[in-house]
Amino acid sequence: MAAAETVLVVGATGNIGVAAVKGALNSGRKVLAIVRNQASADKLVKHVGWPAAEGIAFVEANILSDTGVKGVVDQVRAGKLPAFQHVYSCVGGEYTMTPLTEITTTQLRYNMSASFEANFFAYRDTIPYLLSQSPTPTTWTICTGSQGDTALFPVPAMAQGALFSMCTAASRETAETNVRFNEVYLAFRVEVDEDALQHGVTTASEFAKVYQGILGRGDIKSSRLKVLGTEDIEALKFDKKF
Ligand SMILES: NC(=O)c1ccc[n+]([C@@H]2O[C@H](COP(=O)([O-])OP(=O)(O)OC[C@H]3O[C@@H](n4cnc5c(N)ncnc54)[C@H](OP(=O)(O)O)[C@@H]3O)[C@@H](O)[C@H]2O)c1
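Mapping to our numbering: the sequence shown position 187 is 200, numbers consecutive.
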């Protein structure tokens with residue numbers, strides 16, 4: 014039997030990251046999770062539970078640094094960490110309504126670093142490794158939010174706007190390659206299960222089905238998946254950009 018594939022998850026310990034990890038594990042794949050420290054690793058294990066968490070390998074790195082993800086890929090190439098064929102990136106900063114005129118420079122820079130730059134570094138520094146596996150099919154997935162259009166929460170919204178452009182460029186640049194790049198455009202709130210149940214929003218366990226769907230559908234490529242309502246979790250809707 015062929016060895017199970019592995020998904021590298023950047024931002025694995027957050028609401029969307031837990032959904033990505035669950036989707037990967039539910040699809041029979043293994044996970045390589047980049048975490049900032051042991052406390053974050055423990056948090057992910059708690060959300061995923063045993064024995065499912067046995068499918069997760071952990072590596073510590075600073076994903077906000079421009080060498081963090083690159084260092085992980087270098088270790089993979091050196092055979093010190095499991096090889097991966099899929100990437101899910103979902104690093105995020107503050108979810109706050111601070112109006113534009115009250116956003117401090119420090120707050121702006123931190124959030125552009127966490128919500129935009131970290132996802133950009135994840136893309137820039139993993140794509141060459143996935144391309145090097147051609148013709149083996151691989152995937153690269155990111156979660157963006159409709160905040161980028163509604164801007165009710167200006168801080169996260171501005172980073173989403175930058176990610177929208179990055180996703181269009183990535184969809185174009187990978188269109189003729191072995192990498193299926195896709196953007197999941199999410200228009201409602203998803204949280205880790207125990208928070209979601211408290212707040213009456215969608216659970217990461219439910220949202221995990223979107224990623225399972227993407228992994229299983231070779232026809233979804235260079236696309237924006239529109240997850241506008243919970244009915245879109247299983248019946249995937251997508252617009253192919255290129
Ligand atoms: N949740 C939603 O409903 C939703 C909807 C639409 C779009 N999105 C987008 O999806 C992305 C993720 O959202 P989320 O709700 O999953 O966010 P989240 O729960 O806050 O998770 C953010 C992730 O980034 C990591 N991270 C943040 N700052 C870090 C730092 N300084 N160093 C290392 N790691 C750091 C966190 O690690 P730790 O666990 O160690 O803090 C966590 O893994 C965002 O771009 C968001 O806009 C989310």
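Cβ atoms here follow ideal geometry from the backbone N, Cα and C, with glycine treated the same way.
Check: residue i C-beta below 7 Å from any heavy atom of ligand 1
i: VAL104; result: yes
i: CYS180; result: no
i: LEU261; result: Residue 261 falls outside the range modelled here, since the chain spans only 14 to 255, and no answer is possible.
i: THR163; result: no
i: ARG49; result: yes
i: PRO169; result: yes
i: ARG122; result: no
i: ARG202; result: yes
i: LYS56; result: yes
Same chain, Cβ closer than 6 Å to residue i, five either side skipped, listed in chain order
i: GLN225; result: GLY36, ASN39 and SER40
Sequence-distant residues of the same chain with beta carbon closer than 7 Å to residue i, five excluded per side
i: ALA91; result: none
i: PHE177; result: THR157 and GLY161
i: GLY174; result: GLY161
i: ASN50; result: GLU73
Presumed contact (8 Å Cβ cut-off) between residue i and residue j, rounded CB distance
i: VAL82; j: PHE134; result: 5 Å
i: ARG185; j: PHE255; result: 5 Å
i: LEU238; j: GLU196; result: 7 Å
Chain-order list of residues whose beta-carbon lies under 8 Å from that of residue i (same chain, five-residue window excluded)
i: GLN146; result: GLN98 and ASN191
i: GLY312; result: Residue 312 falls outside the range modelled here, since the chain spans only 14 to 255, and no answer is possible.
Ligand 2 heavy atom lying under 7 Å from the CB of residue i
i: LYS35; result: Absent from the structure shown: ligand 2. Ligands present: ligand 1.
Practice problem: Kindly provide the ranges of any beta strand (DSSP E) runs that are 3 or more residues long and lie completely inside the stretch 149–194, ordered along the chain. | Solution: 151–158
Exercise. Would you be able to state if there are at least three C-beta pairs under 8 Å between the stretch 131–150 and the stretch 53–69?
Key: no
Quiz item: Do three or more CB pairs link the stretch 95–107 to the stretch 165–181 at distances below 8 Å?
Solution: yes
Quiz prompt | Segments assigned alpha helix (DSSP H), at least 4 residues, entirely inside the stretch 105–156 | solution = 118–124 and 131–144
Quiz prompt | Three-pair Cβ contact test at 8 Å for the stretch 240–255 versus the stretch 212–230 | solution = yes
Quiz item: For the 8 Å Cβ check, are there 3 or more pairs between the stretch 18–26 and the stretch 40–56?
Solution: yes
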